[in-house]
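Visitor:
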Amino acid sequence: MNIGEGVRSGNRERVVGWRAWTVIETKDGVRLGSVIYDTVWQPTEQAIAVCHCDRLHDAPAIACTCGFHAARDPVDALTYLHGRDEPRTLCRVLGEVRLSGLVVETEGGYRGAVAYPMRLYANDLELAATAEAILWSAWCRSGDPETDRIFRAGVESMQQQKLADAEELFSRVIELKPDFAEGWNKRATVRFVRRNFAGSVADCQQTLARNPNHFGAASGQGLCHMSLNEFREAAISFRRALEIHPHLDAVRHNLALAEAEGGGSGYLN
Ligand SMILES: [Zn+2]
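Quick note on this note's numbering: the sequence shown kicks off at 1 and runs consecutively.
Right, dumping it as structure tokens:
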């Protein structure tokens with residue numbers, strides 16, 4: 001991606017830009033890959049940049065081209081949606097990426113040391129289905145076929161408003177695979193809808209302990225605290241969600257509500 005020369009470098013808490021990914025088939029399932037290099041992005045993990053030009057420096061260096069590239073303008077990333085693909089590449093997707101750590105700002109975007117995909121976009125039905133499959137594989141796979149089957153049954157029960165069934169199914173998922181964050185997160189959602197707010201908070205905390213990048217669990221926990229009139233805790237949860245994903249307008253709105261109710265503006269932890 002041509003994002004121009006480096007103009008300044010420094011540590012950034014976070015910056016969100018646009019990039020393209022390849023969608024590739026690996027032995028572990030469908031994954032995101034880098035368009036230029038062989039990097040495979042692992043689900044729920046942040047990707048760490050290395051310099052590819054055998055120069056002994058930490059990536060990204062201002063005078064080099066290393067680091068994860070992100071464009072300020074999505075149009076610049078769009079040109080990378082087309083190209084000659086390897087056989088294992090299923091398609092390419094456009095998305096938003098969060099960069100942190102050392103970030104070099106360039107004429108047209110950023111090069112960052114640490115990257116995490118935030119959202120994927122697809123412009124036709126086939127691509128949309130593939131992007132959904134990726135998010136599914138990134139967040140919704142336990143690594144065990146039987147647990148995955150029960151998980152999917154739980155999602156279907158939720159969609160059919162059979163909430164008691166759904167809660168039971170997700171409890172079984174948690175029993176079978178306690179390390180699988182999404183099992184906890186889905187039960188948190190069901191418990192929230194069933195107005196078991198304290199139970200939902202506990203499940204959100206379990207989700208975040210396993211996947212600290214889960215902005216849905218952070219913001220969901222905030223909503224539970226709001227329902228319990230725990231505005232200080234609500235504000236902390238909403239701030240955590242915004243730290244993970246700064247573009248969540250609804251969360252920003254909820255944070256303002258929590259603060260207006262006495263949630264304070266400082267950090268508790
Ligand atoms: Zn370099």
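For each residue, glycine too, the CB sits at the ideal point set by N, CA and C.
PRO145 lies in the alpha helix (DSSP H); which residues open and close that run?
Guide: 145-159
Visitor: What's the gap between the Cα of LEU228 and the Cα of ALA59?
Guide: Computed Cα separation, rounded: 45 Å.
Visitor: What first and last residue would you give for the alpha helix (DSSP H) that runs through LEU102?
Guide: From DSSP, LEU102 is part of no alpha helix (DSSP H) but of the beta strand (DSSP E) over 89-106.
Visitor: When you compare the CB positions of ALA71 and GLY4, do they come within less than 7 Å of one another, or not?
Guide: no
Visitor: Would you identify the three-state DSSP class for PRO117, choosing helix, strand or coil?
Guide: strand
Visitor: Among the candidates LEU208, LYS177, LEU242 and ALA256, whose CA atom is the shortest distance from the CA of GLU13?
Guide: LEU242
Visitor: In the structure shown, what three-state DSSP assignment does ARG194 receive?
Guide: In the structure shown, ARG194 sits in coil (DSSP, three-state: anything other than H, G, I, E or B).
Visitor: Could you check whether the Cβ of ALA113 sits closer than 6 Å to any heavy atom belonging to ligand 1?
Guide: no
Visitor: Counting only the same chain and skipping the five closest in sequence on each side, list residues whose C-beta sits under 7 Å from that of SER157.
Guide: Same-chain partners within the cutoff: ASP165, ALA166 and LEU169.
Visitor: Thinking C-alpha only, which one of GLU86, GLY199, LEU223 and LYS162 is nearest GLY263?
Guide: LEU223
Visitor: Give me the residue from ASP28, GLU261 and ALA260 with the minimum Cα distance to SER142.
Guide: ASP28
Visitor: Identify which residue in TRP21, LEU257 and ASP203 has its Cα closest to the Cα of PHE192.
Guide: ASP203
Visitor: Less than 6 Å between the CB of ALA202 and some heavy atom of ligand 1, yes or no?
Guide: Answer for ALA202: no, Cβ out of range of ligand 1.
Visitor: For the pair the stretch 64-82 and the stretch 46-53, tell me if three or more CB-CB distances fall below 8 Å.
Guide: yes
Visitor: If PHE238 and SER219 are in contact, beta carbons under 8 Å, what's the gap, nearest whole angstrom?
Guide: 6 Å
Visitor: On the criterion of 16 or more Cβ atoms from any shown chain inside 10 Å, does THR22 qualify as buried, or is it exposed?
Guide: Label assigned to THR22: buried.
Visitor: Leaving out the 5 sequence neighbours to the left and right, which residues in its chain are closer than 7 Å to THR106 when beta-carbon positions are compared?
Guide: ILE3, GLY4, GLU5, GLY6 and VAL7
Visitor: Is ALA49 a contact residue of ligand 1, with contact defined as CB to any heavy atom under 6 Å?
Guide: no
Visitor: Buried or exposed, going by whether 16 or more other CB atoms sit within 10 Å of the CB of THR79?
Guide: Exposed.
Visitor: Can we count ALA153 as close to ligand 2, meaning its CB is less than 6 Å from some heavy atom?
Guide: With respect to ligand 2, the structure offers nothing, as its ligand set consists of ligand 1.
Visitor: Spatial neighbours of ALA284 within its chain, please: C-beta separation below 7 Å, excluding the five flanking residues on both sides.
Guide: Not covered by the structure: residue 284. The range shown for the chain is 1 to 269.
Visitor: Runs of 4 residues minimum, wholly inside the stretch 169-251: which ones carry the alpha helix (DSSP H) assignment?
Guide: 181-193, 197-210, 215-227 and 231-244
Visitor: What does DSSP give as the partner residue(s) for ALA20 in the beta ladder?
Guide: LEU94
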